[in-house]
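For the sequence shown, this note's numbering gives the first residue as 2, with consecutive numbering after it.
Below is one structure, written out as structure tokens; comments come after it.
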Amino acid sequence: MKLTFLYRYVCSIHRLKYKFLIVMKLIAILLLTASMHLSAASYSQNITLSVRNADLQNVFKEVNKQSGYLFFYTGKINISQKKVSVVLKSATIKQALDEILKDQALTYTIINNTVVLQNSAESPKGIESIVKPIPLTGRVVDALTKNGIGGVNIYQKDNKTNRSITSSNGDFKINANVGDTLLFSFIGYKIKEVKITDTKPLNVALETEVKDMSDVVITGYQTIKKESYTGTAITIKGDDLKKLNSQNLLKSIQSFDPSFKILDNNLVGADPNALPKINVRGATALPSIGDNV
């Protein structure tokens, strides 16, 4: 009888201990769940605020205290010198920020529980994607003949390091953005300025540049402005050359200008494909015997 009673007593103690442990575990779980709900509630509650001509930095501290959101500044921003007056009642974080920053030259981006602030003109790295230039294609042609022009220099107006050149048939490819301005230049043509309005292929027509030859003097080795030239110069027109010799223009020039000499070359004979040797303004004014001047 005594052994049976003792066994029952020990078993009852074990049962009580086991029940006590289960109750303690349940209480711990309930306390943990309640604390998590309280914490979440404290960071998700609406923002209520009423300030007048307060420092923006202090306003952000109060918003952080009520919402749990952290504030991060990028660029050159002096928050302490900015003032704000605002009245908020049960506002969400977005509503609160919109109201606080409506008269400030600041923008914000919310990332998880962090508010990133930057000047309106800035685009912080890692927050907004950086706009990269896109490949822009096109073709450059002659405005009259519509034939492609090869070797045309292309460069961005505000970034001359961004350059390209057309292929033999006038095609080109350059990296640029909508709003950029491209310049097209080639010898004998007027420089053309084209502003990019979309990403469609560009068709650029260059106009020939006509210069008045009477304004310059060609000496044979350089071009000099007529006003600054002190030597003797003559002007020969095409009609004048044809009157003397329509078959050989070089001999016609020789008739107008004695300093223009076509040297005889007996070795080539009557070969029509042979290029003549020409001497313009010899080494001496009066050639000596045997000189080919």
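No residue lacks a Cβ here, since even glycine has one placed at the ideal position from N, Cα and C.
Asked: Residues bridged to lysine 196 [DSSP beta-bridge criterion]; Found: Thr182
Asked: For glutamine 157, the residue or residues it bridges with in DSSP; Found: Asn160 and Leu183
Asked: Option in Ile263, Asn163 and Phe173 with minimal Cα separation from valine 153; Found: Phe173
Asked: Cβ-Cβ distance between phenylalanine 185 and isoleucine 150 below 7 Å; Found: no
Asked: The beta strand (DSSP E) enclosing asparagine 204, as first and last residue numbers; Found: 203-207
Asked: The alpha helix (DSSP H) enclosing asparagine 65, as first and last residue numbers; Found: 57-68
Asked: Beta strand (DSSP E) segment containing aspartate 172, residue limits; Found: 172-177
Asked: Which of helix, strand or coil DSSP assigns to lysine 278; Found: strand
Asked: Neighbourhood of lysine 158 by C-beta, 6 Å cutoff - its chain only, sequence neighbours within 5 removed; Found: Thr182 and Leu184
Asked: 8 Å Cβ shell around valine 179 - same chain, five flanking residues per side excluded; Found: Ile197, Thr198, Asp199 and Thr200
Asked: According to DSSP, residues forming a beta bridge with arginine 140; Found: Asp172 and Asn204
Asked: Sequence-distant residues of its chain with Cβ nearer than 6 Å to arginine 164 (five each side left out); Found: Tyr156
Asked: Start-to-end residues for the beta strand (DSSP E) that takes in alanine 92; Found: 84-92
Asked: For isoleucine 101, three-class secondary structure by DSSP; Found: helix
Asked: Inter-stretch contact at 8 Å, needing at least 3 Cβ pairs: the segment 111-121 / the segment 62-72; Found: yes
Asked: Length of the line joining the Cα atoms of lysine 252 and threonine 146; Found: 33 Å
Asked: Separation of glycine 239 from glycine 139, as counted between CA atoms; Found: 39 Å
Asked: Close-in-space but distant-in-sequence residues of the same chain around threonine 108 (CB under 7 Å, 5 per side omitted); Found: Gln119 and Ser121
Asked: Proximity below 7 Å, CB of phenylalanine 257 to CB of isoleucine 237; Found: yes
Asked: Coil, strand or helix - leucine 145 by DSSP; Found: coil
Asked: Integer-rounded CB distance, given that valine 85 should sit under 8 Å from valine 52; Found: 7 Å
Asked: Beta-carbon proximity list for alanine 177, same chain, < 8 Å, skipping 5 on both sides; Found: Pro134, Ile135, Leu137, Gln157, Asn163, Leu183 and Ile197
Asked: Own chain partners of leucine 1 with C-beta closer than 7 Å, once the 5 adjacent residues on each side are dropped; Found: Examination of residue 1 is not possible in this model, given that the chain is present from 2 through 294 alone.
Asked: As assigned by DSSP and simplified to three states, the class of lysine 262; Found: strand
Asked: Burial state of isoleucine 111, where buried means 16 or more other Cβ atoms lie within 10 Å; Found: exposed
Asked: Alpha-carbon spacing of isoleucine 166 relative to asparagine 148, whole angstroms; Found: 16 Å
Asked: According to DSSP, residues forming a beta bridge with glutamine 119; Found: Thr108
Asked: Cβ separation of valine 141 and leucine 207, assumed to be a contact under 8 Å, to the nearest whole Å; Found: 6 Å
Asked: Cβ of lysine 252 within 7 Å of any chain C Cβ; Found: Given the protein chain composition of this structure (a single chain), no chain C is represented.
Asked: Residues bridged to phenylalanine 72 (per DSSP); Found: Val116
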